[in-house]
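Novice: Our numbering puts the first residue of the sequence shown at 26, with every later residue one more than the last. Submitted below is the structure of interest, expressed as structure tokens.
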Amino acid sequence: MSGGNRLPVRELAELALLTALIAGGKEAMNALPNIHPVALLLLLAVLRHGWRALYTAFGFALIEISLYGVSSLAYLYLWPLLVAAAVPFRTNRSPLFWGAFAGIFGLSFGALCAIPYFFIGGWQAALSYWISGIPFDLVHGISNGVLVYALLLPLYRLMERYFT
Numbered sequence: 026m027s028g029g030n031r032l033p034v035r036e037l038a039e040l041a042l043l044t045a046l047i048a049g050g051k052e053a054m055n056a057l058p059n060i061h062p063v064a065l066l067l068l069l070a071v072l073r074h075g076w077r078a079l080y081t082a083f084g085f086a087l088i089e090i091s092l093y094g095v096s097s098l099a100y101l102y103l104w105p106l107l108v109a110a111a112v113p114f115r116t117n118r119s120p121l122f123w124g125a126f127a128g129i130f131g132l133s134f135g136a137l138c139a140i141p142y143f144f145i146g147g148w149q150a151a152l153s154y155w156i157s158g159i160p161f162d163l164v165h166g167i168s169n170g171v172l173v174y175a176l177l178l179p180l181y182r183l184m185e186r187y188f189t
């Protein structure tokens, strides 16, 4: 393997730190259903590292699967999907844009989680799963939007100042 393909140790450490902060932050906020810093910190990883934020997304998904089992398998495609959708916009520095982006992702989370149910039980199973979770999606979308709008760019500036 050539040296050009390797992840620099400093960047690897930062991505690992973000992964740990995501997992710890989600656990710390478990008492508040669907209010957590996952999208906020993944988007921060995207702004700082682009496609390499996938390391953080998959790392977090694997931690969740190790803690909660197969009920978290959808995280293997959901959080990387957030990263993939955000990377093309990573130069955008509008808090309103990122708040709306995170809010829409939170609102669509249940529909995206319902995809496996379509293959397991048909469209009725997927639709009923999605509809039953709409109140949680509303909380998820609103909390994502507010957290990202308020904190993403200040955290980005802090990381640029202290981690560069």
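We treat Cβ as the ideally placed atom computed from N, Cα and C, and that holds for glycine.
#1: Please state whether the Cβ-Cβ distance between GLY75 and ARG115 is less than 7 Å.
#2: Roughly how many whole angstroms lie between the Cα atoms of GLY131 and TRP104?
#3: Mapping DSSP to helix, strand and coil, what is LEU98?
#4: What's the gap between the Cα of TYR142 and the Cα of ARG182?
#5: By a C-beta neighbour count over all protein chains shown, 10 Å radius and 16 as the cutoff for buried, is TRP155 buried or exposed?
#6: Within its chain, find whatever has a CB closer than 7 Å to the CB of LEU72; leave out the 5 residues flanking it on each side and keep chain order.
#7: For ALA41, which residues from the same chain have a beta carbon less than 6 Å from its beta carbon, with the 5 sequence-adjacent residues on both sides left out?
#8: On a Cα-Cα basis, can you pick out the residue from LEU101, TYR93 and ILE47 that is closest to LEU68?
#9: Look at the alpha carbon of VAL173 and the alpha carbon of VAL108, and state the distance between them as a whole number of angstroms.
#10: Using beta-carbon positions only, say whether GLY84 and THR44 come within less than 7 Å of one another.
Specialist: Taking the geometry as given:
#1: Looking up residue 75 in the sequence shown gives position 50. Looking up residue 115 in the sequence shown gives position 90. Taking 7 Å as the Cβ cut-off, GLY75 and ARG115 qualify as a contacting pair.
#2: Here residue 131 is taken as the residue at index 106 of the sequence shown, counted from 1. Here residue 104 is taken as the residue at index 79 of the sequence shown, counted from 1. Distance between the alpha carbons of GLY131 and TRP104: 11 Å.
#3: The residue given as residue 98 occupies position 73 in the sequence shown. The answer is coil: DSSP assigns LEU98 none of H, G, I, E or B.
#4: In the sequence shown, residue 142 corresponds to position 117, counting from 1. In the sequence shown, residue 182 corresponds to position 157, counting from 1. Between the C-alpha atoms of TYR142 and ARG182 there is a straight-line separation of about 40 Å.
#5: Reading the sequence shown from its first residue, position 130 is the one you call residue 155. That one is buried.
#6: Along the sequence shown, read from residue 1 onward, the residue named residue 72 stands at position 47. Residues ARG115 and TYR181 of the same chain have their beta carbon placed closer than 7 Å to that of LEU72, with the five preceding and five following residues left out of the count.
#7: In the sequence shown, counting from the first residue as 1, residue 41 sits at position 16. Taking ALA41 as the centre and dropping the five residues before and after it, the same chain places no C-beta closer than 6 Å to its C-beta.
#8: Locating residue 68 in the sequence shown gives position 43, where the first residue counts as 1. Here the closest residue by C-alpha is ILE47.
#9: Counting from one through the sequence shown, the residue named residue 173 turns up at place 148. Counting from one through the sequence shown, the residue named residue 108 turns up at place 83. One C-alpha to the other measures close to 14 Å.
#10: Against the sequence shown, residue 84 aligns to sequence position 59. Against the sequence shown, residue 44 aligns to sequence position 19. Yes.
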